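Residue numbers (our numbering): 7 to 194.
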């Protein structure tokens with residue numbers, strides 16, 4: 007009879023965590039000592055100027071811990087919270103700038119809400135009217151940079167965003183903010 011052992015995974019950043027581009031699989035990874043996390047962003051979307059490991063910096067740790075322990079992601083399981091944060095760090099450090107993709111999303115009617123970094127929003131695809139939850143990574147007067155939190159978002163009949171993919175849109179594309187995100191059904 008096999009005895010199962012349950013190990014608690016510690017999601018706090020460690021000194022031995024490092025980013026490494028896996029050339030065999032053409033993917034950026036984060037080595038966390040006992041496990042490796044794959045980052046979903048395609049290599050052509052990343053600014054990768056290293057062939058050696060890039061260790062977590064003090065700033066990485068501070069940003070990670072602020073999000074991990076803060077209220078913005080508190081409703082998510084630690085494993086998903088960690089994945090969201092790691093992809094946010096990559097988007098901030100290694101992702102090339104992107105242009106807005108407003109045509110993919112339906113415009114909302116009514117007052118345009120102001121959102122801030124760390125807020126949750128709903129975007130609705132213009133072609134198939136599918137509404138999904140996104141996490142705001144950055145914003146300015148005109149645009150919001152956000153990351154898909156859900157598993158996928160159908161944009162057209164043959165195009166999907168995958169979980170953690172980022173997109174830039176204007177404020178008029180927001181269908182709901184954090185307070186409304188628990189009631190997705192009303193936006194579908």
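We treat Cβ as the ideally placed atom computed from N, Cα and C, and that holds for glycine.
Because the structure is a prediction, the values reported are computed rather than measured.
- Query: With distances taken between CB atoms, is the gap from residue 155 to residue 174 smaller than 9 Å?
  - Reply: no
- Message: In chain order, what are the residue ranges of uninterrupted beta strand (DSSP E) at least 3 long that sit wholly in the segment 12-90?
- Response: 24-28, 33-37 and 42-44
- Message: Tell me the residue span of the beta strand (DSSP E) that contains residue 141.
- Response: 137-145
- Query: How would you label residue 83, buried or exposed, when you count the other beta carbons within 10 angstroms and need 16 or more for buried?
  - Reply: exposed
- Query: Whose C-beta lies closer than 7 Å to the C-beta of residue 51 among residues of the same chain, with five residues either side of it excluded?
  - Reply: 101 and 102
- Query: Starting from residue 166 and walking both ways along the beta strand (DSSP E), at which residues does that stretch end?
  - Reply: 165-168
- Contact the segment 26-33 vs the segment 69-88: 3+ CB pairs below 8 Å: no
- Task: Just mark residue 89 as buried or exposed, buried being the case when its beta carbon has 16 or more other beta carbons within 10 Å.
- Result: buried
- Message: Quick check on residue 131: buried or exposed, where buried means 16 or more other Cβ atoms within 10 Å of its Cβ?
- Response: buried
- Message: Does the contact criterion of 3 or more C-beta pairs under 8 Å hold for the segment 119-129 versus the segment 53-60?
- Response: no
- Task: Put residue 122 into one of helix, strand or coil per three-state DSSP.
- Result: coil
- Message: Measuring alpha carbon to alpha carbon, tell me which residue in 16, 33 and 180 is nearest residue 145.
- Response: 180
- Under the assumption that residue 93 contacts residue 153 (Cβ atoms under 8 Å), give the Cβ distance between them as a whole number of angstroms. 6 Å
- Could you check what DSSP says for residue 133 in three-state terms: helix, strand or coil? coil
- Query: Looking at C-alpha atoms only, which residue of 182, 177, 183 and 170 is the closest neighbour of residue 86?
  - Reply: 170
- If we count the other Cβ atoms within 10 Å of its Cβ and call it buried at 16 or more, is residue 129 buried or exposed? buried
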